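Report on one structure; see the data block that follows.
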Amino acid sequence: MAIRFNRDRAGVEFFSASGAMGFGGMGWPWEKLMPKKYFEPSLFCAVLKTITLNKTPGNGIFPWFKIRPIFREKKLIGFVNALGLPSPGFEKFLSRHLSRLNFENRQIVVSITGTKDEMVSMASRLDVFDLVAIELNVSCPNAGENLKINTREMAKLCRTVTQNTRHDLILKISYAHDFINLSKEAEGLVRAVSFNSVPWHIVFPHKKSPFEKYGNGGVSGKIVRWFYEDMTTKIKRFTDIPVIMPVWDYEDIKTNEEMGADAHSFGSVFIARPWFPTLAIKRHQKENKD
């Protein structure tokens, strides 16, 4: 079980989802304080925090606080966030983060979003870096225009970006999309698809979001597991495109494999239990070695 990229023919099995380990893939400040046995960045192919061409402030005065836990019977089962894609802008991202990475020891994916011309511009300039892939984030619930793009426009975007970069592409899609036909159109143009958080109104159609003024936000975690399984089942039924499937607990890894997913991704679980992804990978490696 792994996805083979042009840079990494041996394959990638475990990803950290976009932003889970910051803009530089080494973790957020609180994660860096953890002992290496509980937080080991080199175990993951790190998808860096999604970048926009120009600086974007995110939602509100303090966008990083636009996240709330979701509980069921006193048990944490996920989060809703409405950060609004805060980004330092492409130029500062290159100078502050990407240019400082050692690509010989790390597997790195850069996640980008914006208009077609903006993404083409960023993708072409990333050719000088030894990346595993570029992720096209066309599905952020906090950037509503992304969810309005149709299948034909999405395929055209993938084709245009592919023609302007040497890197493989990962397409990040949403349950709000026509994800079956989108995956069909993207097959052959991108190396894999990954899943974004699920828009609040889909998960809770009759419940008010704490971030209503910011477009309601996106939901992640165990609470949206059903949506990810539904996407994987249908995409695998109608296409051969590799699927990167989210993980919240260790059972998800086993279920992902049984469903035919091609790789695993740790996202908001880093917020709930930042030590879990590293320990889960080590456990999985040990069990498969034995």
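Numbering (the working numbering), first residue to last: -2 to 287.
Beta carbons: idealized from backbone N, C-alpha and C, even for Gly.
In this text, all values refer to a predicted model and were calculated from it rather than measured experimentally.
Since residue i is in the beta strand (DSSP E), which residue starts that stretch and which ends it?
i      : result
LEU166 : 165 to 170
MET242 : 240 to 244
VAL129 : Unbroken run through VAL129: none, as it is neither H nor E.
LEU73  : 72 to 78
ARG103 : Per DSSP, ARG103 belongs to no beta strand (DSSP E) and is neither H nor E.
PHE12  : 11 to 13
Can you give me the start and stop residues for the alpha helix (DSSP H) that residue i sits inside?
i      : result
GLU28  : 26 to 29
HIS261 : Note, HIS261: premise wrong, no alpha helix (DSSP H); beta strand (DSSP E) at 260 to 263.
SER217 : Not the alpha helix (DSSP H): SER217 falls in the beta strand (DSSP E), residues 215 to 217.
Can the beta-carbon of residue i be found less than 8 Å from the beta-carbon of residue j?
i       : j      : result
VAL289  : ALA43  : Residue coverage of the chain in this structure runs from -2 to 287, which leaves residue 289 outside it and unanswerable.
ALA(-1) : ASP259 : yes
LYS181  : PHE235 : yes
ALA130  : ALA152 : no
HIS198  : ASN178 : no
PRO271  : ALA189 : no
VAL117  : ASN147 : no
PHE36   : THR230 : no
Could you round the C-beta distance between residue i and residue j to whole angstroms and report it? I think they count as a contact, below 8 Å.
i      : j      : result
GLY81  : VAL221 : That pair is no contact at about 20 Å.
PHE20  : LEU40  : PHE20 to LEU40, Cβ: 19 Å. No contact.
PHE176 : ILE167 : That belief does not hold up - the Cβ atoms of PHE176 and ILE167 are roughly 14 Å apart, past 8 Å.
ILE250 : ALA277 : 7 Å
LEU98  : GLY22  : 7 Å
With a threshold of 8 Å between beta-carbons, can residue i be considered close to chain B, or not?
i      : result
ALA183 : Here chain B cannot be found, since the structure has a single protein chain.
Cα separation between residue i and residue j?
i      : j      : result
ARG1   : LYS286 : 21 Å
LYS46  : ASP246 : 22 Å
GLU248 : ILE58  : 38 Å
GLU132 : THR53  : 19 Å
SER121 : LYS71  : 47 Å
LYS279 : GLU226 : 24 Å
LYS219 : SER96  : 35 Å
PRO207 : ASN3   : 43 Å
VAL9   : ILE241 : 10 Å
LEU30  : PHE224 : 34 Å
PHE201 : ARG69  : 14 Å
SER191 : ASN51  : 24 Å
ARG163 : SER136 : 23 Å
Alpha carbons only, please: which of the options is nearest the one belonging to residue i?
i      : options                           : result
SER194 : SER15, GLU10, ALA7 and ASN3       : SER15
ASP165 : SER108, ASN213, SER171 and HIS198 : SER108
HIS261 : ILE268, PRO243, ARG270 and CYS155 : PRO243
CYS155 : MET256, LYS113 and SER118         : LYS113
MET119 : HIS198, LYS283, LEU179 and PHE90  : PHE90
PHE267 : PRO83, GLN104 and GLU28           : GLU28
GLY111 : PHE36, LYS33, ILE48 and GLN282    : ILE48
GLY264 : THR229, TYR172, GLY55 and ASN78   : ASN78
ALA173 : VAL187, MET228 and GLY55          : MET228
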